[in-house]
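Novice: Numbering (my numbering), first residue to last: 39 to 664.
Backbone N, C-alpha and C fix where the C-beta goes; we use that ideal spot for every residue, glycine too.
Computed from a predicted structure; not experimentally measured.
Here it is in structure tokens:
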């Protein structure tokens, strides 16, 4: 393995802050790959750009990488191709078999770009019987070649069965199939093949096949061949101009850079008109300054843009001269490197960064709008809410991602008959749409409570409203739990609509209440909601909450519920009379990607209720005297 190849492989493993772990490393790797694929630049350039973004924004590298993935790891709605893929490599040939490999191709291709010898990465196509029917080039090294002379990137999208028809059905083909099926690498050969003797090594990489060919009957040309290989790896060529004899020499790679037929020989450096015509008008002063610098005896290092067969290339030229005793140049020699990919990659990175900034601004604006809307329609109390025979505390935990503003809501108010209505609900989704739906349900509950205080009837009407809203927004779905507390009976009547059951803490033990039947809101027209009753006396604590407190996409809800119950039990046993605000402050959401709303209620003693009535009456008398 050459140093360049090893460096390319290592560039797939960007550094991450110490202690962030394997997950953070993989996050940065993926962001670097997506940036490189989107901007079609080298992985090392994408990594440096990611580091610069983190430094300029004063944010952690993993946080910036996560944002890049969230914004770039999406498929084009018209083609289905992942935007991070370097699709310029496969114009018009990116079929369905390769789209499945899209996230891999860009990264693998950049490794193969500097891989020595003949190497290819192929996707597998199977027949109805599950057997390997064909292999399709997805990435190739510059030296990979087909019998018809197609080489490197020209192979991408082509089928092996068409260009090597003698291979399918052979032992080698069966070995390829075995590698794909089992993941066990295979080494085949040496064996005669067409114009020479070869060995083949095959490895499974992801869902594709990585094949390396080694030719055994070639004799290395020593330093000349190694120099030619170095030129190809660096995409650079070198040349000399003997000013005394007029002799000019170009290396093979220099002819490739200028796309010039070696049989024509190098162009005449004295042809100023031809050189000026190839140079872009805006870069002519750079060439004049470089020529003056060389005439003064200094080394030249300059990047200029040159038209080559109708395309503009960015070429870096490093030149110097040997001189006589009087300083007159005798021989000019130099290296020309094609840095078009790096220059265009830098521009594309700048464009991607501009798009990311615009997208972040858009998300921030949406977040701010939804946040203001949520604060207006769901004001959070600064302290406990005192209601007839009851104290209530509320805590709201927003989603960990700042762009996610959800539809969680609560309600706690005194009814006309002296009872108390408590509710917690959750509208699916995030953003302004969820916040708007949440406002509609919360205000509807307040209005409906004027006509009825029965929790089952209230959910019946909320369900009909949600069904109407669902016709306007088909993806809308909601859950809720509604409870009515009667301070005279010390009793709670409650109903639920597809919502997690309330928790009741009593005598140092916390347990979920058995849920009465009731489907989610907006699912079944004219659904009915049964009610349940439970005594609620001094010393008890009732906990209503949304699913963000107990559910996580990687764990079952029972795990989260058990953790909440254990936390409440520990808190109540340690201090049975502690304020409700302190009690719910101990609770942590299980799912950081979802909002969480928690409402805790505790009955008050008769003495506390009498004090509340006295303070309320005193306030009214003071108001009348004024």
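#1: Out of 620, 614, 519, which has the shortest C-alpha to C-alpha gap to residue 570?
#2: Assuming residue 243 and residue 215 are in contact, meaning their beta carbons sit under 8 Å apart, how far apart are those beta carbons, in whole angstroms?
#3: Roughly how many angstroms separate the alpha carbons of residue 554 and residue 568, rounded to a whole number?
#4: So for residue 665, helix, strand or coil by DSSP?
#5: Return yes when the Cβ of residue 540 is within less than 8 Å of the Cβ of residue 532, no when it is not.
#6: Below 7 Å CB to CB, which residues in the same chain sit around residue 339 once its five sequence neighbours on both sides are set aside?
#7: Can you list, in chain order, the residues of its chain whose CB lies under 6 Å from that of residue 565, leaving out five sequence neighbours each side?
#8: Residue range of the alpha helix (DSSP H) that residue 323 falls in?
#9: Between which two residues does the beta strand (DSSP E) carrying residue 533 extend?
#10: Between the region 326-336 and the region 299-309, can you find at least three pairs of beta-carbon atoms closer than 8 Å?
#11: Just mark residue 44 as buried or exposed, buried being the case when its beta carbon has 16 or more other beta carbons within 10 Å.
#12: So, are the CB atoms of residue 73 and residue 87 less than 8 Å apart?
#13: Is the Cβ-Cβ distance between residue 482 and residue 459 less than 8 Å?
#14: Suppose you measure from the CA of residue 217 to the CA of residue 249; what does that come to, to the nearest Å?
#15: Candidates 474, 292, 299, 350: which alpha carbon is nearest residue 319's?
#16: Taking DSSP's pairing of strands, which residues face residue 229 in a bridge?
#17: If you draw a straight line from the alpha carbon of residue 175 to that of residue 476, how long is it in whole angstroms?
#18: What's the gap between the Cα of residue 124 and the Cα of residue 67?
#19: Sorted by chain position, which residues of the same chain lie with C-beta nearer than 6 Å to residue 434's C-beta, five sequence neighbours on each side aside?
#20: Pull up the distance between the alpha-carbon of residue 196 and that of residue 202, whole angstroms please.
#21: Pull up the distance between the alpha-carbon of residue 399 and that of residue 456, whole angstroms please.
#22: Closest to residue 599 by CA distance: which of 542, 613, 573, 578 is it?
#23: Assign residue 58 to one of three DSSP states: helix, strand, or coil.
#24: Go to residue 220, then tell me how far its alpha helix (DSSP H) extends in each direction, as first and last residue.
#25: Please report how far the alpha carbon of residue 161 lies from the alpha carbon of residue 69, in whole angstroms.
#26: Taking DSSP as the reference, what is the three-state secondary structure of residue 367?
#27: Would residue 362 be called buried (16 or more neighbouring beta carbons within 10 Å of its own) or exposed?
#28: Leaving out five residues on either side along the sequence, give the residues of the same chain with a beta carbon under 8 Å from the beta carbon of residue 61.
#29: In the structure shown, what three-state DSSP assignment does residue 4 receive?
#30: Would you mind stating whether residue 535 and residue 587 have Cβ atoms separated by less than 8 Å?
#31: Assess, as a yes-or-no matter, whether the region 277-290 is touched by the region 369-376 under the definition of 3 or more beta carbon pairs within less than 8 Å.
#32: Apply the 10 Å Cβ neighbour rule to residue 548 and answer buried if 16 or more other Cβ atoms are within range, or exposed otherwise.
#33: How many Å lie between residue 471 and residue 427 at the Cα?
#34: What span of residues does the alpha helix (DSSP H) with residue 177 cover, start to end?
#35: When burial is assigned at 16 or more other CB atoms within 10 Å of the CB, is residue 620 buried or exposed?
#36: Within its chain, find whatever has a CB closer than 6 Å to the CB of residue 84; leave out the 5 residues flanking it on each side and keep chain order.
Specialist: In this structure, then:
#1: What you label residue 570 is simply residue 532 of the chain shown in a count that begins at 1. Relative to the Cα of residue 570, the nearest Cα in the group 620, 614, 519 belongs to 519.
#2: On the chain shown, position 205 is the one that residue 243 refers to. On the chain shown, position 177 is the one that residue 215 refers to. About 15 Å separates the Cβ atoms of residue 243 and residue 215, ruling out a contact at the 8 Å cut-off.
#3: What you label residue 554 is simply residue 516 of the chain shown in a count that begins at 1. What you label residue 568 is simply residue 530 of the chain shown in a count that begins at 1. Distance between the alpha carbons of residue 554 and residue 568 is about 6 Å.
#4: Residue 665 is absent from the structure shown; the chain starts at 39 and stops at 664.
#5: Mapped onto the chain shown, residue 532 falls at position 494. Mapped onto the chain shown, residue 540 falls at position 502. A contact, by the Cβ cut-off of 8 Å.
#6: On the chain shown, residue 339 is found 301 positions in, with the first residue counted as 1. Non-local beta-carbon contacts of residue 339 in its own chain, meaning distances under 7 Å to residues more than five positions away in sequence, involve 356 in chain order.
#7: As a first step, residue 565 must be located in the chain shown, where it is residue number 527. The residues are 501, 557.
#8: Mapped onto the chain shown, residue 323 falls at position 285. 322-333 is the span of the alpha helix (DSSP H), which, as asked, contains residue 323.
#9: Against the chain shown, residue 533 aligns to sequence position 495. That run of the beta strand (DSSP E) goes 529-535.
#10: Pairwise C-beta distances place the region 299-309 out of contact with the region 326-336, as fewer than three of them are shorter than 8 Å.
#11: Looking up residue 44 in the chain shown gives position 6. Confidence is the limiting factor: at residue 44 the pLDDT is only 43, short of 50, which leaves the residue's position unreliable and the question unanswerable from this model.
#12: Residue numbering aside, residue 73 sits at position 35 when the chain shown is read from its first letter. Residue numbering aside, residue 87 sits at position 49 when the chain shown is read from its first letter. Taking 8 Å as the Cβ cut-off, residue 73 and residue 87 qualify as a contacting pair.
#13: As a position in the chain shown, residue 482 is number 444, starting the count at 1. As a position in the chain shown, residue 459 is number 421, starting the count at 1. Pairing residue 482 with residue 459 gives a Cβ-Cβ distance that is not under 8 Å.
#14: As a working mapping, residue 217 is identified with position 179 in the chain shown. As a working mapping, residue 249 is identified with position 211 in the chain shown. If I take the Cα positions, the gap works out to 11 Å.
#15: Counted from its first residue, the chain shown places residue 319 at position 281. The option with the nearest alpha carbon to residue 319 is 350.
#16: Taking the first residue of the chain shown as 1, we reach residue 229 at position 191. In the DSSP assignment, the residues bridged to residue 229 are 236.
#17: Numbered from its first residue, the chain shown carries residue 175 at position 137. Numbered from its first residue, the chain shown carries residue 476 at position 438. Rounded to the nearest angstrom, the two C-alpha atoms are 52 Å apart.
#18: Within the chain shown, residue 124 is the residue found at index 86, counting from 1. Within the chain shown, residue 67 is the residue found at index 29, counting from 1. Legend: pLDDT at residue 124 = 41, less than 50; position of this residue unreliable, no value from coordinates given.
#19: As a working note, residue 434 is residue 396 in the chain shown. 418, 635.
#20: The residue you call residue 196 lines up with position 158 of the chain shown. The residue you call residue 202 lines up with position 164 of the chain shown. Their Cα atoms are separated by approximately 11 Å.
#21: Along the chain shown, read from residue 1 onward, the residue named residue 399 stands at position 361. Along the chain shown, read from residue 1 onward, the residue named residue 456 stands at position 418. The C-alpha of residue 399 lies about 48 Å from the C-alpha of residue 456.
#22: Counted from its first residue, the chain shown places residue 599 at position 561. Measuring from the Cα of residue 599, the nearest candidate turns out to be 542.
#23: As a working mapping, residue 58 is identified with position 20 in the chain shown. Unreliable placement is indicated for residue 58, whose pLDDT of 48 sits below 50; the coordinate value is still reported in the next sentence. Residue 58 sits in coil when the DSSP states are folded into three classes, being neither helix nor strand.
#24: Within the chain shown, the letter at position 182 stands for residue 220. Start and end: 209-220.
#25: Locating residue 161 in the chain shown gives position 123, where the first residue counts as 1. Locating residue 69 in the chain shown gives position 31, where the first residue counts as 1. Taking C-alpha positions only, residue 161 is separated from residue 69 by approximately 23 Å.
#26: Within the chain shown, residue 367 is the residue found at index 329, counting from 1. Strand, per DSSP.
#27: The sequence position of residue 362 within the chain shown is 324, counting from 1. Exposed, by the Cβ-count rule.
#28: For the purposes of this step, residue 61 is taken as the residue at position 23 of the chain shown. Taken in chain order, the list of residues that qualify is empty.
#29: In this structure the chain extends from 39 to 664, so residue 4 is not present and cannot be described.
#30: Residue 535 sits at position 497 when you count from the first residue of the chain shown. Residue 587 sits at position 549 when you count from the first residue of the chain shown. Against a cut-off of 8 Å, the Cβ pair of residue 587 and residue 535 comes out as no contact.
#31: They touch, by the three-pair rule.
#32: For the purposes of this step, residue 548 is taken as the residue at position 510 of the chain shown. By the 16-neighbour rule on beta-carbons within 10 angstroms, residue 548 is buried.
#33: Numbered from 1 along the chain shown, position 433 holds the residue referred to as residue 471. Numbered from 1 along the chain shown, position 389 holds the residue referred to as residue 427. Roughly 36 Å between the two C-alpha positions.
#34: Taking the chain shown and counting its residues from 1, the one referred to as residue 177 is at position 139. Taken as a continuous stretch (DSSP letters only), residue 177 belongs to no alpha helix (DSSP H), being part of the beta strand (DSSP E) at 170-178.
#35: As a first step, residue 620 is located in the chain shown; it is residue number 582 there, counting from the start. With fewer than 16 other Cβ atoms within 10 Å, it is exposed.
#36: Along the chain shown, read from residue 1 onward, the residue named residue 84 stands at position 46. Once the five neighbours on either side are set aside, the close Cβ partners of residue 84 are 70, 73, 74.
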